[in-house]
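S.K.: For the record, in the sequence shown the residue sitting at position 2 is 2 according to UniProt numbering, with numbers rising by one throughout. Virtual Cβ for every residue (Gly too), placed ideally from N, Cα, C. The structure is given below, and queries will be raised subsequently.
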Amino acid sequence: MMLSANNDSEWSWRELIDKLKFVSTPIKSPLTKIYDGAVAHLAVELFQNIMMYMEDLPSKKRSSQIAYNVVKTGMNNESLNDELFCQLFKQITNNKSSKQNSLRKGWELIHICCNFIVPSPTLEPYILKYLTSIAQDNSKEFSKV
């Protein structure tokens, strides 16, 4: 898993950190290096589904249908699994959503995805470290999830 700058140049640490924080608008390109244009398009759609599930984008679909779409996309496109986890953690990191349930719904979707989707061996230790650090920090709202 590699995070990708749009023009293949390297990002500064500040730019990289900003890439991994909550945004209130859909992304225009994947967070990770994806060379296949169709898969990159799926990654952008995946982010929109995450935002809809978290109620940060309007949707007429039920949240169960949106969660199903997210999981199905990950299960049918294993190359998107790291992208999916990066997007999920992006949206719960420094979440400044105006929607009251956004952060809770983000954690809920992470829980759902962890039951069906496996990150790459490269990303997995970072996910475990992140989750452990949240669990050990009682000041975090969802430290007991």
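1. Assign Asn81 to buried or exposed, taking buried as 16 or more other Cβ atoms, counted over all protein chains shown, within 10 Å of its Cβ.
2. Taking 7 Å as the limit between beta carbons, can you name the residues of its chain near Asn101, skipping five residues before and five after?
3. Which residue marks the beginning of the alpha helix (DSSP H) containing Asp82, and which one marks its end?
4. In or out: Tyr53 buried (at least 16 other Cβ within 10 Å) or exposed?
5. Exposed or buried, what is Lys105 when buried is set at 16 or more other beta-carbons lying within 10 Å of its beta-carbon?
6. Excluding five sequence neighbours on each side, which residues of the same chain lie with their C-beta closer than 6 Å to the C-beta of Asp8?
7. Between Pro121 and Ile127, what straight-line distance do the alpha-carbon atoms span, to the nearest angstrom?
8. Report the residue ranges of all beta strand (DSSP E) runs contained in full by the UniProt domain "MyTH4" (22-145); include only those spanning at least 3 residues, in chain order.
9. Buried or exposed, going by whether 16 or more other CB atoms sit within 10 Å of the CB of Asn76?
10. Going by CA-CA distance only, name the one from Glu141, Leu46 and Gly74 that's closest to Asn115.
11. Hey, would you say Val70 sits closer than 8 Å to Leu20, going by beta carbons?
M.R.: Inspection of the coordinates gives the following:
1. Position 81 of the sequence shown holds residue 81. Buried is the call here.
2. Against the sequence shown, residue 101 aligns to sequence position 101. Around Asn101: Glu55.
3. Your numbering for residue 82 matches position 82 in the sequence shown. Its alpha helix (DSSP H) spans residues Asn81 to Ile92.
4. If you number the sequence shown from 1, residue 53 lands on position 53. Tyr53 is buried by the Cβ-count criterion.
5. Working through the sequence shown from its first residue, we reach residue 105 at position 105. Buried, since its Cβ has 16 or more Cβ neighbours within 10 Å.
6. For the purposes of this step, residue 8 is taken as residue 8 along the sequence shown, with counting starting at 1. Legend: pLDDT at Asp8 = 49, less than 50; position of this residue unreliable, value from coordinates given subsequently. Nothing meets the Cβ criterion.
7. Within the sequence shown, the letter at position 121 stands for residue 121. Within the sequence shown, the letter at position 127 stands for residue 127. About 10 Å.
8. Counting only runs of 3 or more, we get nothing.
9. On the sequence shown, position 76 is the one that residue 76 refers to. Exposed, since its Cβ has fewer than 16 Cβ neighbours within 10 Å.
10. Position 115 of the sequence shown, counting from 1, holds the residue named residue 115. Taking Asn115 as reference, the option from Glu141, Leu46 and Gly74 with the minimal CA-CA separation is Gly74.
11. Stepping through the sequence shown from its first residue, residue 70 is reached at position 70. Stepping through the sequence shown from its first residue, residue 20 is reached at position 20. Taking 8 Å as the Cβ cut-off, Val70 and Leu20 do not qualify as a contacting pair.
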